[in-house]
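Written below as structure tokens is the structure these notes are about.
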Amino acid sequence: MYTSWFAWATWQRHMVVGSVSFIKNVFPDLLENARMWTKTHRGQYGGRACYWQDEGYDAMEVSISSSGCRPTINSVMFGEAVALLGMAKLIGNSSVEDELRSLQEETRRFMLEQMWNPRIQSFAVIPLPGPSSQTPFRQFTPHHPHCPGNGSASWPQNETVGARELLAFMPWYFSLPTASGGQLIPPSEVAKFETMWPQLFDEQGFAARWGLRTAELRSPCYNFSYEHSDCWNGRPGHTRLQECSLGLPTC
1 MYTSWFAWAT
11 WQRHMVVGSV
21 SFIKNVFPDL
31 LENARMWTKT
41 HRGQYGGRAC
51 YWQDEGYDAM
61 EVSISSSGCR
71 PTINSVMFGE
81 AVALLGMAKL
91 IGNSSVEDEL
101 RSLQEETRRF
111 MLEQMWNPRI
121 QSFAVIPLPG
131 PSSQTPFRQF
141 TPHHPHCPGN
151 GSASWPQNET
161 VGARELLAFM
171 PWYFSLPTAS
181 GGQLIPPSEV
191 AKFETMWPQL
201 FDEQGFAARW
211 GLRTAELRSP
221 CYNFSYEHSD
231 CWNGRPGHTR
241 LQECSLGLPT
251 C
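Reading the sequence shown from the start, the letters are residues 1 to 251 in the UniProt record's numbering.
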């Protein structure tokens, strides 16, 4: 399943057009979708409970960080919880409010406490052991044989990777003010995490002539080439660019 945030999108639409009847109709399916993600993509890794995603289904084929507990899917699950909680309050379904508050707080706590790498001043992926859907492509032509995540070498387990990637800005996308009062990065903690933003404008970071790179230029893993049409390890990518652009006003 590809990373997606249907409940969040539905809730944002409601705040514009006020579609209460539509919310009532779709809420059961949206709630079941969130519960399904919890069943299939939540696990205990190194003492942590996190949501994981395969890099290919996260629109990040052959990424530097590979598959794992990713800022993207954990941010998305926070956003889904916020949106569903707002819907539940709107339609008077109090029976699921505690469940959704718990999901909201769990994902926020994990993101802010476990996915921040203080050395690189960025959120980062915590890789999982084992292959991803992209492992065969990495093994075709490993131009950087000593770069972690190339199909033979690996990042240290149970640690955030040491490379900045554009996907790390996803938490800001879900830090917009909402009717449920849910912000992944609360105003009281913005100063701590906004240190990552200057990298967007650094030419050794993400800044490029034709858009924002998907990985920082200074990384030794930047733009390693493989026999795959979609390699998001350097070149600009529209998916991450849109998410980052929408998150920028929150900072």
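Glycine included, C-beta positions come from ideal geometry on N, C-alpha and C.
Bear in mind the structure is a predicted one, so any value in this text is a computation, not a measurement.
Continuous alpha helix (DSSP H) stretch holding residue i: start and end
i, result
"residue 37", "20 to 41"
"residue 290", "An answer regarding residue 290 cannot be provided, because it is not within the stretch 1 to 251 covered by the chain."
"residue 81", "71 to 91"
"residue 114", "97 to 114"
Proximity to residue i [Cα-Cα], best of the options
i, options, result
"residue 100", "165, 111, 34, 57", "34"
"residue 128", "56, 207, 67", "67"
"residue 185", "113, 164, 86, 166", "113"
"residue 196", "218, 126, 117, 154", "117"
"residue 121", "220, 108, 191, 211", "191"
"residue 161", "189, 154, 125", "125"
"residue 56", "16, 17, 1, 85", "1"
Residue i versus residue j - alpha carbon distance
i, j, result
"residue 142", "residue 61", "Caution applies to residue 142, whose pLDDT of 48 falls short of 50 and renders its modelled position unreliable; the value that the coordinates give is listed next. Looking at the two C-alpha atoms, the distance is approximately 15 Å."
"residue 5", "residue 70", "15 Å"
"residue 31", "residue 111", "22 Å"
"residue 199", "residue 25", "43 Å"
"residue 92", "residue 187", "29 Å"
"residue 209", "residue 12", "32 Å"
"residue 28", "residue 81", "13 Å"
"residue 64", "residue 94", "42 Å"
"residue 48", "residue 174", "22 Å"
"residue 90", "residue 54", "34 Å"
"residue 165", "residue 19", "37 Å"
Contacts around residue i, its chain only, beta-carbon distance under 7 Å, and the 5 residues preceding and following it disregarded
i, result
"residue 58", "3, 70, 72, 73"
"residue 206", "166, 199, 200, 212, 213, 216"
Endpoints, beta strand (DSSP E) assigned at residue i
i, result
"residue 164", "First-last for residue 164: undefined, no H or E at that position."
"residue 52", "48 to 53"
Any non-hydrogen atom of the ligand MG within 6 Å of residue i CB
i, result
"residue 169", "With respect to small molecules bound, the structure shown includes none, and the ligand MG cannot be examined in it."
Residues near residue i in its chain [Cβ-Cβ closer than 8 Å; skip 5 each side]
i, result
"residue 177", "183"
Contacts around residue i, its chain only, beta-carbon distance under 6 Å, and the 5 residues preceding and following it disregarded
i, result
"residue 83", "7, 8, 11"
"residue 51", "41, 42, 73, 74, 77"
Is the number of C-beta pairs between the stretch 74 to 92 and the stretch 168 to 187 that are closer than 8 Å three or more?
A contact between stretches requires three or more CB pairs, one per stretch, nearer than 8 Å, and the stretch 74 to 92 meets this requirement with the stretch 168 to 187.
Check whether the stretch 34 to 45 touches the stretch 76 to 91, counting contact only when three or more Cβ pairs, one atom from each stretch, lie closer than 8 Å.
Contact holds between the stretch 34 to 45 and the stretch 76 to 91, because three or more Cβ pairs, one in each stretch, are under 8 Å apart.
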